[in-house]
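Asks: Be aware that the sequence shown starts at 26, since it is given in this note's numbering, and climbs by one per residue.
Idealized CB from N, CA, C, for every residue including glycine.
Can you read through this structure? Questions will come right after.
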Amino acid sequence: MDLKFSVAARIAKPVGDVFEAVVNPERLSSYFTTGGAKGRMESGATVIWDFHDFPGAFPVKVDEVVADKRIRLHWAAADDGPEGQPAEPHDTTVTMVFEQLDDGRTLVTVSEEGWRETPKGLKASYGNCEGWTGMLLALKVWLEHGIKLRQGLYI
Numbered sequence: 026m027d028l029k030f031s032v033a034a035r036i037a038k039p040v041g042d043v044f045e046a047v048v049n050p051e052r053l054s055s056y057f058t059t060g061g062a063k064g065r066m067e068s069g070a071t072v073i074w075d076f077h078d079f080p081g082a083f084p085v086k087v088d089e090v091v092a093d094k095r096i097r098l099h100w101a102a103a104d105d106g107p108e109g110q111p112a113e114p115h116d117t118t119v120t121m122v123f124e125q126l127d128d129g130r131t132l133v134t135v136s137e138e139g140w141r142e143t144p145k146g147l148k149a150s151y152g153n154c155e156g157w158t159g160m161l162l163a164l165k166v167w168l169e170h171g172i173k174l175r176q177g178l179y180i
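Below, the structure is given as structure tokens:
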């Protein structure tokens, strides 16, 4: 079983606005990284994301940014080695694709892959799927209505 997923949302804003809300740390901090984001997402950069509701700032390694089209990043996987044994740290890969739709909305698809095929890997993939779904919902309501959906949601 290959542990991976994709989630998507349509946001009633032009692709440039949606893309900027993700790569710009001030904007990302407004609706998603409740403890703040440091560093603009650019190819080759390492940025820091922090969440008050999931304590601990952590690095996000940005592999590729294609303006208004795609972001690919890597971050630490929360899984283990074969048969529950400690394993060498490794990263999962997250790919965000931005597509301008004919009706003026933007389709954002977030995919993640790379967990080990263990019970802990499966659990970690489900948790991240939930997290990215929440991120897309928070992005949508913040851009469309100015509401900070994530504020107080988890704590």
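Specify whether the stretch 44-53 and the stretch 144-155 touch according to this definition: at least 3 beta carbon pairs, one from each stretch, less than 8 angstroms apart.
Replies: No, the stretch 44-53 is not in contact with the stretch 144-155.
Asks: If you draw a straight line from the C-alpha of residue 177 to the C-alpha of residue 27, how long is it?
Replies: Taking the straight line joining both Cα atoms gives about 34 angstroms.
Asks: For residue 101, which residues from the same chain have a beta carbon less than 7 angstroms from its beta carbon, with the 5 sequence-adjacent residues on both sides left out?
Replies: Within the same chain, residue 101 has close Cβ partners 83, 114 and 116.
Asks: State the start and end residues of the unbroken alpha helix (DSSP H) segment that holds residue 144.
Replies: Unbroken alpha helix (DSSP H) run through residue 144: 144-170.
Asks: Using DSSP's beta-bridge definition, name the partner residues of residue 100.
Replies: Paired residue(s): 117.
Asks: Skipping 5 residues on each side, what residues in its chain have a beta carbon closer than 6 angstroms to that of residue 29?
Replies: 138, listed in sequence order.
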